[in-house]
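Written out below as structure tokens is the structure these notes cover.
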Amino acid sequence: MVPPSWQLQTPLDAIIFDCDGTLSAIEGIDHLAEQNGAGDSVKQLTALAMGTTGLNPILYQQRLDLVKPTKEQILALAQDYFQHQSEDAAAVIQLFSRLKKKIYIISAGLYPSVVKFAELLGVSSENVFAVNVEFDQQGVYSHFDKTSPLSEVHGKKTIVTQLKNSNPSIAFVGDGLNDYSAYDLVTRFIGYGGAYYRENIAALCQFYITSISMAPLLPLTLTESEHDVLLPNEKILYSKGLELIRVGKVKVS
365 MVPPSWQLQT
375 PLDAIIFDCD
385 GTLSAIEGID
395 HLAEQNGAGD
405 SVKQLTALAM
415 GTTGLNPILY
425 QQRLDLVKPT
435 KEQILALAQD
445 YFQHQSEDAA
455 AVIQLFSRLK
465 KKIYIISAGL
475 YPSVVKFAEL
485 LGVSSENVFA
495 VNVEFDQQGV
505 YSHFDKTSPL
515 SEVHGKKTIV
525 TQLKNSNPSI
535 AFVGDGLNDY
545 SAYDLVTRFI
555 GYGGAYYREN
565 IAALCQFYIT
575 SISMAPLLPL
585 TLTESEHDVL
595 LPNEKILYSK
605 GLELIRVGKV
615 KVS
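Residue numbers (the working numbering): 365 to 617.
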């Protein structure tokens, strides 16, 4: 079979994933807002941040002030993330890890939730970047870490710049404007619209997945020689991804 023209010729060092709306089909802050009676207001702010304006510290604080999540709720969110993980996400991560590629999660979500979700997926806590929060004596949210770059639109770009020192060749998988900020820094940016299709992000991306399955990531990120060393079950997953690309579930431009 002739390799597709877009297939990478040299192996990647690392794969970076967004969390909310990418590795998991839920937006964590929206999920918490539903529990605490602030669903509509917070969803509007999230949609604005992800699709139109990008994130900023004022909007970040507005959402948390509306939700006022408890420590218990934030920790429980990790299990909700896991239960709503994107199709084939765990298998794709496992395959990348077996091929010795570093896996990172860079998220504007809440660190206690994201790091527990990462561990459930087999991703080391050392490779997780998210926004930490503090609680009062009653275990209710009091404030977030305002020194974190991840509460603003170019924060992920800042983290990727740091990671490139030890990982020259990186793929980034994400669904929002905050993810797209790193587009020019990475070897391959792949938009993911399987949970939330964002027309403006799709228009910006050379590669944009619309299937709920993450299997297309394999042909989009592995070289021909890497494909040749896949195990039988891994080749089945790779073939699934290739078929999804063939039938138009991935924009390739």
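Heads up, the beta-carbon is just placed ideally off N, CA and C, and yes, glycines get one too. Everything numeric in this text was worked out from a predicted model, so none of it was measured.
In this structure the stretch 446–455 lies against the stretch 378–391, because at least three pairs of beta carbons, one per stretch, are closer than 8 Å. Its chain contains LEU582, LEU594, GLU598, LEU601 as the residues whose beta carbon lies nearer than 8 Å to that of LEU459, once the 5 sequence neighbours on both sides are disregarded; these appear in chain order. Per DSSP, HIS591 is one residue of the alpha helix (DSSP H) stretching across 588–592. Look at LEU595 here: in three-state DSSP terms it is coil, with no helix or strand label. LYS521 and LEU549 do touch by the CB rule: their CB atoms are close to 6 Å apart, below 8 Å. Taking a cut-off of 8 Å for Cβ pairs, the stretch 395–403 and the stretch 566–583 do not touch, as fewer than three such pairs fall below it. In this model, PHE553 and LYS465 are separated by some 16 Å (Cα to Cα). Counting only residues of its own chain and dropping the five nearest sequence neighbours on each side, GLY415 has a CB closer than 8 Å to the CB of GLY540, LEU541, ARG562, ASN564, ILE565. In the three-state scheme derived from DSSP, where H, G and I count as helix and E and B as strand, SER515 is classed as helix. Counting of Cβ neighbours within 10 angstroms places GLU516 among the buried residues, the total reaching 16 or more. Within the same chain, LEU430 come within 7 Å of SER405 by CB-CB distance, once the 5 residues on both sides are set aside. SER545 carries a coil assignment under DSSP once its states are collapsed to helix, strand and coil. The straight-line gap separating the alpha-carbon atoms of LEU608 and LYS407 is approximately 30 Å.
In this structure, the CA atom of PHE508 is about 12 Å from the CA atom of LEU423.
Between the C-alpha atoms of LEU396 and ALA535 there is a straight-line separation of about 30 Å. Cβ neighbours of ARG427 within its own chain (closer than 6 Å, five residues either side excluded): ILE393, VAL406, LEU409. The alpha helix (DSSP H) runs lying completely inside the stretch 391–423 and spanning 4 residues or more are 392–399, 403–412, given in chain order. DSSP, read as helix, strand or coil, puts LEU463 in coil.
Taking 8 Å as the cut-off, the beta carbon of ALA454 is found no closer than this to the beta carbon of ILE469. Non-local C-beta neighbours of SER617 in its own chain, meaning closer than 7 Å and more than five positions away in sequence, comprise GLN570, ordered along the chain.
Rounded to whole angstroms, the separation of the alpha carbons of LEU463 and GLN526 is 23 Å. Rounded to whole angstroms, the separation of the alpha carbons of VAL497 and PRO368 is 45 Å. Of the candidates ALA559, HIS591, LYS604, LEU586, the residue whose Cα lies closest to the Cα of ASP382 is ALA559. The three-state reading of DSSP puts LEU439 in helix, counting H, G and I together.
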